[in-house]
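Data block below; observations after.
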Amino acid sequence: MPQPAAPTPRALPRASVLDTLRVAGTVAVPLLARGLIVRRPGAVRLAEAVDGDRRGVRLFQRLRRTYGGGPLRLRVPGRRIVVLLAPEHVHRVLAQSPEPFSPATKEKRSALGHFQPHGVLISTGADRADRRRFNEDVLDSGHAVHRTADAMVGEIRREVAELVDVAARDGVLDWDAYARTWWRMVRQLVLGASARDDEALTEDLHVLRATANWAFLHPRRRARRARFLDGVRRQIARAEPGSLAASMPFAHVSDRTDPEQQVPQWLFAFDAAAWASYRALALLASHPDALSRAREEIAGRDLSVPKDLPFLRAVVLESLRLWPTTPALLRETTAPTRWEGGRVPEDTLVLTYAPFFHRDDENLPEADRFAPELWTGPRTEADWPLVPFSAGPAECAGRNLVLHVTSTVLALLVDASGEDGPRLVGRHPLDPDAALPGTLDPFSLRFALGPARG
Ligand code: HEM
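See the structure below:
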């Protein structure tokens, strides 16, 4: 009996050349200009001035109207690229990572290969599984409060107290002071107390990340990388209490793991947490109801005792929904996949543009306002995709840790600000009665802590 011929797979909808150029000009080029691995403040300022991310959202809404739910193939010479336009497709791709949707795309391998070629994010197969397990062990991924949070909170409190003194002396809290404190704190949390003032180490990482922004266009800085990794290795050997290094001896390790190569990701990912928490402070400062709820959450609490702070966590998550620090979630197909719209071949880059889903005012009523209630209940695959930490098996392994650290910092700043603060001074970009801006430059925000004068 002759077999019926298999149905010819349909081709995916293809964007016109003009629409492909629009995606490049409105989304891809501005993201590259802002810097994927380390941000360039001038480009961030410019993006806010032109409300860059809102333009991206509008463009993607138009693509959905024109081409339907996608995935939509772009016409890019030399690389197969599809963009996701439907919520169920985002859930599918993230749930089915790392196979057949691998986080280790060529683009990420070429950028992160500059300083962490064995990092979990760009590892595959058995290496990925092994390194993921190590990361989850050290970062205590499954727990809202890290197992060594007692010591960590001690370090956080000392640094925030010093920052509050600096703000009192200068009359203002600005980004430079915040970032300086942040990195002192992060070096201690990741590497140990003796790394607190080792600015050279984070400067080395900064240079390596700046090189990584240029991916394959920049030669490797081998000497710098060797010096940086030497410093990391020394700190790991010390395993000082209150640091992630101290959790390493208890983690699963094999000859595939390469523990020191997992550390750069922890350090550099804390950068995003600085922007997110600083923007979250601006949300609190401009939304009196939320500030009252934050005060209620910490009222009567001994802040030296680590605690989950669900409302302040939700505030940080909102900061990340409104202004995602990883706007482009990239995956690469490791096998052909089938969709209602057609077939996606192997070796295709799949782009989830997070701002489109987070700020899609045609589907999400809360799109452009501050809505911490979006995060106070459990989220499921049936929900609209809000994915600042990605989702599924390759979700950010540091999600719980970073939410605990950032919510603790916010709690301490709110507590130190008393009845009147924190308040935004100078620039007031966040009006609770108007749509929040699509892009928010954190570097120029300034705050007053403590009692209002006069
Ligand atoms: C606000 C801060 C942070 C945000 C928004 C964030 C977000 C993300 C996102 C979106 C990914 C997936 C990236 C991709 O698929 O290309 C990721 C991966 C990861 N993050 Fe974070 N991250 C943050 C902070 C941290 C911190 C502080 C750590 C560690 C201390 C960390 C550890 C990791 C690791 C190990 C991965 C790789 C997971 C894997 O590939 O299996 N992150 N993060």
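All the letters of the sequence shown, read from the start, carry residue numbers -18 to 435 under our numbering. Glycine residues also receive a C-beta, built at the ideal position from the N, C-alpha and C atoms.
Looking only at DSSP bridge pairs, what is threonine 318 linked to?
Val325
Do you know offhand how far alanine 378's Cα is from asparagine 116's?
7 Å
Mind checking which residues open and close the beta strand (DSSP E) that includes lysine 64?
Checking the sequence, you will find valine at residue 64 rather than lysine. Counting along the chain, the beta strand (DSSP E) containing valine 64 begins and ends at 62 to 64.
For aspartate 396 and glycine 152, what's the separation of their Cα atoms in angstroms?
17 Å
Roughly how many whole angstroms lie between the Cα atoms of valine 244 and tyrosine 48?
42 Å
Leaving out five residues on either side along the sequence, give the residues of the same chain with a beta carbon under 7 Å from the beta carbon of arginine 205.
Asp185, Val188, Leu189
Kindly indicate if chain C contains any beta-carbon less than 8 Å away from that of glycine 402.
In the displayed structure, chain C is absent; only one protein chain is listed.
I need the boundaries of the beta strand (DSSP E) containing phenylalanine 41, first residue and last residue.
Premise fails: phenylalanine 41 lies in the alpha helix (DSSP H), 33 to 48, not in any beta strand (DSSP E).
Please report the Cβ distance between arginine 138 and serine 285, rounded to the nearest whole angstrom; I am assuming they are in contact, meaning their Cβ atoms lie under 8 Å.
6 Å
Length of the line joining the Cα atoms of methionine 229 and valine 171:
11 Å
Residue from Gly399, Ala149, His124, Leu298 whose Cα sits closest to the Cα of threonine 357:
Leu298
Identify, in the order they occur along the chain, each residue of the same chain with its Cβ nearer than 7 Å to the Cβ of serine 398, setting aside the five sequence neighbours on each side.
Leu430, Gly431
Could you give the distance in angstroms between the alpha-carbon of tyrosine 334 and the alpha-carbon of glycine 37?
9 Å
Measure the C-alpha to C-alpha separation of isoleucine 62 and proline 317 and round it to an integer number of angstroms.
13 Å
Compare the beta carbon distance of alanine 130 and leucine 144 with 8 Å and say whether it is the shorter of the two.
no
Between the C-alpha atoms of glutamate 140 and valine 57, what's the straight-line distance to the nearest angstrom?
48 Å
From what residue to what residue does the beta strand (DSSP E) around valine 406 run?
404 to 406
If you pair each beta-carbon of the stretch 107 to 116 with each one of the stretch 354 to 370, do three or more pairs fall below 8 Å?
no
Taking three-plus beta-carbon pairs below 8 Å as touching, is the stretch 208 to 228 in contact with the stretch 160 to 175?
yes
Can you tell me which of the three DSSP states proline 418 falls into?
coil
Spatial neighbours of histidine 70 within its chain, please: CB distance less than 8 Å, with the 5 preceding and 5 following residues excluded, ordered by chain position.
Gly50, Gly51, Pro52, Trp320
For threonine -11 and leucine 303, what's the separation of their Cα atoms in angstroms?
Confidence in threonine -11 is poor, its pLDDT being 49 and thus under 50, which makes the residue's placement unreliable; the coordinate value appears in the next sentence. Each residue's alpha carbon lies about 42 Å from the other.
Would you say the beta carbon of asparagine 381 is closer than 7 Å to some non-hydrogen atom of the ligand HEM?
no
Does the beta-carbon of valine -2 have 16 or more other beta-carbons within 10 angstroms, so that it is buried, or is it exposed?
exposed
Return the chain-ordered list of same chain residues with a C-beta closer than 6 Å to the C-beta of glycine 281, the five sequence neighbours on each side being excluded.
none
Please give me, in chain order, every unbroken run of the alpha helix (DSSP H) with length at least 4 that falls completely inside the stretch 113 to 181.
130 to 151, 156 to 172
Any heavy atom of the ligand HEM closer than 7 Å to the CB of valine 126?
no
What does the alpha-carbon distance come out to for the pair aspartate 422 and aspartate 236?
43 Å
So arginine 427 is in the beta strand (DSSP E); what residue range does that whole segment cover?
427 to 429
Near tryptophan 163, which residues of its chain fall below 7 Å by C-beta distance, leaving aside the five closest residues on each side in sequence?
Ala255
Return the chain-ordered list of same chain residues with a C-beta closer than 8 Å to the C-beta of histidine 409, the five sequence neighbours on each side being excluded.
Ser267
Helix or strand or just coil, what does DSSP make of leucine 411?
coil
Report, in whole angstroms, the separation of the C-beta atoms of arginine 276 and phenylalanine 292, which I expect to be a contact under 8 Å.
Not a contact, Cβ separation roughly 10 Å.
Could you tell me whether any non-hydrogen atom of the ligand HEM is closer than 7 Å to the CB of threonine 333?
no
Hey, is alanine 226 close to the ligand HEM, as in C-beta under 7 Å from one of its heavy atoms?
no
Quick one: grab the DSSP three-state call for serine 83.
strand
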